[in-house]
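Per this note's numbering, residue 7 is the first one in the sequence shown, and the count goes up by one each step.
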Amino acid sequence: MFRTCFMLIGLIALFSCCVKQELKTCTSDSSLAGQADFPIGAAADPLLFSSDSIYRHLFFSQFSSATAENSFKPAYLHPEENTYQWNEADEFVSQCRSHQMRVHGHTLIWHQQNPQWMNAFAGSSEQWEQMMKSHIVSIVRYFRPTVLSWDVVNEAFNEDGSLRNTIWLQHVGSSYIEKAFMFARQASPEAKLFYNDYGLETNPAKRKAVLAFLNHLRLKGVPIDGIGLQMHIDIKYADASMIEEAIYEVAQNGYDVHLSEVDISLNPRGKDYLLNAKDLQAQAELMHKIVRAYRNIPLHQQFGITFWGISDRYSWIRTTYNRSDYPLLFDDQYQPKPIYCQLKQAL
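Now the structure itself:
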């Protein structure tokens, strides 16, 4: 019955969204956060706050939830085995809290952006587990109670649904995921704890494997509160109905849903590209459909929508893939794009 109601509501929402939307312009005078019933967030680089005043203004005026792009990752917070560097993350938290923003911690356990000492750690499986515990507990406890949600484990699965061969799997075993969540709960009993991954919104096989794995852990009492669907998608291959199904399926399994790293690429193939109104329109309409689908899950499971950046100027896609792309809400001159306008309308 629950699934039937979800799908019926979703079909109605999709039908209403299929009506051609005109390419519109709007202003950013009012905030996105003020329009929404759930948190609207963005990932930000705190180093830009002092060097780019417009970037800083948009971040603090438009959003209600904050994620640091890098400052909370292991290589930044824990550069040496017995040394933690808190300054950059502390400043980020302080500025966000002064603007009444929620801060989401990203990420505790990952296969990338680990410090060299961690990758090279020598010890038994028991020593690896103790090292992981110390890392998680120290960070989560330090930021309690200003940071009350965490991506505990990030990207632990391959595209076929098997476990990724990370340093944690190699040295601790598959129980590392379970143990990571238990350690985080020990450090902050009140925090919301998330598993975060890419492709769950477009790869049903991977999503079903992740849900089966996490559901099994929950039956054992492992505290997994939510799932982050990263949502690094594009206008060429993304299927709105498949994304809708993913959102509903995660909610139906009883998890809070965080659309955690949203950007919508216009040039996924990395070819010579000329920005055009048609693609901007497609980007805006896809965003509209996603928000409508998200709003149709129970409100208490809507942890929020977080964009992985603010302006196209600083998108990670450009630097990582060395290509022209325009995946975010504001253009290079910080003007709101059609995707921003459609988002505000959908909220």
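The beta carbon of each residue, even a glycine, is placed where N, CA and C say it ideally should be.
Shown here, residue 113 sits in a strand according to DSSP, grouped into three states.
In this structure, the straight-line span from the alpha carbon of residue 268 to that of residue 205 is close to 12 Å.
The secondary-structure analysis by DSSP pairs residue 238 across a beta bridge with 269. Residue 266 is positioned such that its CB atom lies no closer than 8 Å to that of residue 171. Taking 3 residues as the shortest admissible run, the region 131 to 217 contains the following complete beta strand (DSSP E) segments, listed from N- to C-terminal end: 155 to 160 and 198 to 203. Residue 73: member of the beta strand (DSSP E) spanning 71 to 74, first to last residue. Judged by beta-carbon spacing, residue 316 lies beyond the 8 Å limit of residue 53, meaning their Cβ atoms are not closer than that value. Cβ contact annotation for residue 61 (same chain, cutoff 7 Å, sequence separation greater than five): 54, 316 and 317, in chain order.
Only residues of its own chain outside the window of five on either side were considered, and among them 342 have a CB closer than 6 Å to the CB of residue 34, listed in chain order. Rounded to whole angstroms, residue 347 and residue 294 show a C-alpha spacing of 9 Å. Contact check for residue 69 and residue 46: beta-carbon distance about 6 Å, within the 8 Å limit, so the pair qualifies. Bridge partners of residue 263 according to DSSP: 233 and 308. By the C-beta criterion, the region 303 to 313 is judged not to be in contact with the region 276 to 286, since fewer than 3 inter-stretch pairs fall below 8 Å. In the three-state reduction of the DSSP assignment, residue 344 falls in the helix class, which pools H, G and I.
Close CB contacts of residue 99 within its chain, under the 8 Å cut and outside five residues either way in sequence, are with 109, 149, 152 and 153 (chain order).
DSSP lists no bridge partner for residue 255. By the neighbour-count criterion, in which 16 or more other beta carbons inside 10 Å mark a residue as buried, residue 264 falls on the buried side.
Cα atoms of residue 87 and residue 169: separation of roughly 26 Å, rounded to the nearest angstrom. DSSP places residue 42 in no alpha helix (DSSP H); its state is neither H nor E. CA-CA distance, residue 147 to residue 283, rounds to 48 Å.
Between the alpha carbons of residue 112 and residue 253 lies a distance of about 21 Å. When the beta-carbon positions are compared, residue 319 and residue 338 come within less than 8 Å of each other. In this structure, DSSP gives residue 49 an extended state, which the three-state scheme calls strand.
DSSP places residue 33 outside both helix and strand once states are collapsed to three, so it counts as coil.
Between residue 66 and residue 117, the beta carbon gap of about 32 Å keeps them out of contact (Cβ cut-off 8 Å). DSSP places residue 105 in no alpha helix (DSSP H); its state is neither H nor E. Separation of residue 196 and residue 232 (C-alpha to C-alpha, rounded to the nearest whole angstrom) is 14 Å.
In the DSSP assignment, residue 295 falls within the unbroken alpha helix (DSSP H) covering 283 to 301. Within the model, the alpha-carbon separation for residue 50 versus residue 58 is close to 12 Å.
Shown here, residue 77 sits in coil according to DSSP, grouped into three states, outside any helix or strand. Distance between residue 210 and residue 56, taken at the CA atoms: about 42 Å. Distance from residue 230 to residue 220 at the Cβ level is roughly 5 Å; contact confirmed, criterion being Cβ atoms closer than 8 Å. The continuous alpha helix (DSSP H) containing residue 326 extends over residues 322 to 327. In the DSSP assignment, residue 125 falls within the alpha helix (DSSP H) that extends over 122 to 125. Here residue 136 is exposed, its C-beta having fewer than 16 other C-beta atoms within 10 Å.
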